[in-house]
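Once you know that position 85 of the sequence shown is 82 in my numbering, the rest is easy, because the numbers rise by one and skip nothing.
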Amino acid sequence: MRCVNNVKLNRFGRRCPVNEHRMNEMYDVSKIREDFPILQREVYGKPLIYLDNGATTQKPRQVVEAITDEYYSVNANVHRGVHFLSQQATELHEASRETVRRFLNARSANEIVFTRGTTESVNLFVSSFGEEFMQEGDEVILSVMEHHSNIVPWQLLAARKGIALKVIPMNERGELLFDEYEKLFSDRTKVVSVTHVSNVLGTVNPVRRMIAVAHARGVPVLVDGAQSVPHLSVDVQDLDVDFFAFSGHKIYGPTGVGVLYGKEEWLDRLPPYQGGGEMIQSVTFEKTVFNELPYKFEAGTPDYIGTVSLAKAIDYVSAIGMDKVAAYEHELTEYAMRRLKAIEGMRIFGDAEQKSSVISFLVGDIHHFDMGTLLDRLGIAVRTGHHCAQPLMRRLGIEGTVRASFALYNTKEEIDALVAGIERVRKMFYSA
Ligand code: PLP
-2 MRCVNNVKLN
8 RFGRRCPVNE
18 HRMNEMYDVS
28 KIREDFPILQ
38 REVYGKPLIY
48 LDNGATTQKP
58 RQVVEAITDE
68 YYSVNANVHR
78 GVHFLSQQAT
88 ELHEASRETV
98 RRFLNARSAN
108 EIVFTRGTTE
118 SVNLFVSSFG
128 EEFMQEGDEV
138 ILSVMEHHSN
148 IVPWQLLAAR
158 KGIALKVIPM
168 NERGELLFDE
178 YEKLFSDRTK
188 VVSVTHVSNV
198 LGTVNPVRRM
208 IAVAHARGVP
218 VLVDGAQSVP
228 HLSVDVQDLD
238 VDFFAFSGHK
248 IYGPTGVGVL
258 YGKEEWLDRL
268 PPYQGGGEMI
278 QSVTFEKTVF
288 NELPYKFEAG
298 TPDYIGTVSL
308 AKAIDYVSAI
318 GMDKVAAYEH
328 ELTEYAMRRL
338 KAIEGMRIFG
348 DAEQKSSVIS
358 FLVGDIHHFD
368 MGTLLDRLGI
378 AVRTGHHCAQ
388 PLMRRLGIEG
398 TVRASFALYN
408 TKEEIDALVA
418 GIERVRKMFY
428 SA
């Protein structure tokens, strides 16, 4: 955020809504940090600086306590028991579905399918949609910046059914080329499957516009929201998105639980993904009648501890306010971009106009792995490698990057420490 003639402007040069300043002024990050005990620990005798939030976020007390409380006092299998505990566990599990519904502003809780995470949500969608609606020669449109979990399931389907993958290219800043996207549609296009936010570049893709273009051609859209829900406020009705996937662990919730949102009219038309308990209404050896939504897609005992603690995580971020989180992280990212760009030999991958709190970089010809390892010895946790986006790495002409990704509890002081750490590593490699 910068000041011109005493008017505060955001990074797009637009006047900030008054609320944006007030929000950031009111944002008490030290109080928030108290909720995350792990942030107080040391590694190698140094205070931990955790900047690997794109991979997974740390968990607030409220979430961890929900897990132990549930195991200590409510644990029972859901949906099946007449006894008190089972009914209470079922109520909590279903209340969590309602929490997710509210969070995404879905029309109905029937549209919220619990899965193991984004990867399973995408696999479920590809498998069921591909089975029902795609034939040999049909096409799916993806983008060059997809995570492997939104590429490989399509390739598995391609091997089974002979479908084709069409890829939206991007410019040097890491923004998708909208004109090229529009040109990829053909009468064989059956679906678009794109990421909302790139886990490497931080680019926030214009999914609302992309969905409108697809819908104008009668094509449904899946959005991979793994890197968007932790950072932006998402309204599935406003986006008019048909399917939306995310993981609990990237939004301060537990591992092993995620969500596939789907419009009811679409979910109704898709066949089940897996067979087993919970997803049936009746079974004989001749025939099975499937359960109603969303249970048709939830075979087996669900991770009901996970769903309840995911709801706690959503309550946690909602109590702070997703708009405040977005504004705060935006300020952190602006600050980090400015400071990192000033480092000699710095190459940042992804400088989109709309950028989330993910920064990928390389310094001189220092290998990303060396940089990550040396930063780690300073207590700074960053990610190195291809970030499960090898096609994107190929497009960038590199093998991997160092990635710093910020969350609602990171601070400018931590960014200063990152910059100092990078400078120190750079001097180790380049001073005589
Ligand atoms: N999609 C994106 C954009 C991601 O960043 C990730 C994880 O990093 C995934 C999908 C996969 O998420 P999960 O491993 O939680 O299923």
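The beta-carbon is built from N, C-alpha and C at its ideal position, and this holds for glycine as well.
Extent of the continuous alpha helix (DSSP H) to which residue i belongs
i: A417; result: 409 to 427
i: S118; result: 115 to 130
i: P303; result: The identity of residue 303 in the sequence shown is Gly, whereas the question assumes Pro. Where G303 is concerned, the enclosing alpha helix (DSSP H) stretches over 301 to 317.
i: A155; result: 149 to 158
i: D235; result: 233 to 236
i: Y69; result: 58 to 70
i: L229; result: Careful: L229 lies outside any alpha helix (DSSP H) and carries neither H nor E.
i: H90; result: 81 to 101
i: I248; result: Neither: I248 is in no alpha helix (DSSP H) and is coded neither H nor E.
i: I340; result: No alpha helix (DSSP H) holds I340; DSSP gives it neither H nor E.
i: R30; result: 26 to 31
Exposure label - residue i; buried when at least 16 CB within 10 Å
i: I29; result: buried
i: Q234; result: exposed
i: H193; result: buried
i: S357; result: buried
i: S225; result: buried
i: P227; result: buried
i: P251; result: buried
i: Y258; result: buried
i: S428; result: exposed
i: R11; result: At R11, the pLDDT of 38 sits below 50, so the modelled position is not reliable; the number obtained from the coordinates is stated separately. Exposed, by the Cβ-count rule.
i: S105; result: exposed
i: A223; result: buried
i: H18; result: Per-residue confidence for H18 stands at a pLDDT of 44, beneath the threshold of 50, marking its modelled position as unreliable; the derived number appears in the next sentence. Burial call: exposed.
i: M23; result: exposed
i: P299; result: buried
i: N147; result: buried
i: A308; result: buried
i: P269; result: buried
i: S70; result: exposed
i: A324; result: buried
i: V79; result: exposed
i: R423; result: buried
i: P291; result: buried
i: T398; result: buried
i: N168; result: exposed
i: L229; result: buried
i: S353; result: buried
i: V280; result: exposed
One or two residues paired with residue i in a DSSP bridge
i: P44; result: E39
i: F358; result: I345, V399
i: L139; result: V164
i: Y253; result: Checking the displayed sequence, the identity of residue 253 turns out to be Gly instead of Tyr. For G253, which the question treats as bridged, DSSP gives no partner whatsoever.
i: K352; result: T200
i: V280; result: T285
i: D367; result: DSSP output for D367 lists no bridge partner at all.
i: D221; result: T192, A242
i: T186; result: E136
i: D49; result: S402
i: Y258; result: I109, F241
i: R380; result: R400
i: L389; result: According to DSSP, which records beta bridges pairwise, L389 is partnered with nothing at all.
i: L173; result: M167
Endpoints, beta strand (DSSP E) assigned at residue i
i: K163; result: 161 to 165
i: F111; result: 109 to 112
When the options are compared against residue i, the one with the closest alpha-carbon
i: R344; options: E328, S354, D362, F243; result: D362
i: I419; options: P388, I377, R392; result: I377
i: L162; options: V137, L359, M142; result: V137
i: Y385; options: T87, V149, E67; result: According to the sequence shown, residue 385 is Cys rather than Tyr. Closest by alpha carbon: V149.
i: E177; options: V164, D184, V189; result: V164
i: K293; options: A63, H90, E108, V141; result: E108
i: T304; options: T53, E31, K43, E95; result: E95
i: G51; options: V79, L198, M131, T281; result: L198
i: S195; options: R98, D348, E39, F366; result: D348
i: L36; options: E411, R421, M425; result: E411
i: R185; options: E143, R157, R214; result: R214
i: D312; options: L329, Q271, R98, Y68; result: R98
i: A296; options: D413, Q278, K284; result: Q278
i: S183; options: V216, V119, V422, H364; result: V216
i: L372; options: Y41, D32, Q55, A211; result: Y41
i: D221; options: S118, S354, E172; result: S118
i: S402; options: I395, M276, L393, A333; result: A333
i: V141; options: Q387, Y47, F426; result: Q387
Residue-level contact to chain C via CB, residue i, 8 Å cutoff
i: R336; result: The structure shown contains no chain C; it is built from a single protein chain.
Residue i: CB within 7 Å of a non-hydrogen atom of the ligand COA
i: V40; result: By its list of ligands, the structure shown excludes the ligand COA, since it contains just the ligand PLP.
- Task: Starting from the N-terminal end, write out each residue whose C-beta falls within a distance shorter than 5 Å of any non-hydrogen atom of the ligand PLP.
- Result: G114, T115, T116, H144, S146, T192, N196, D221, A223, Q224, S244
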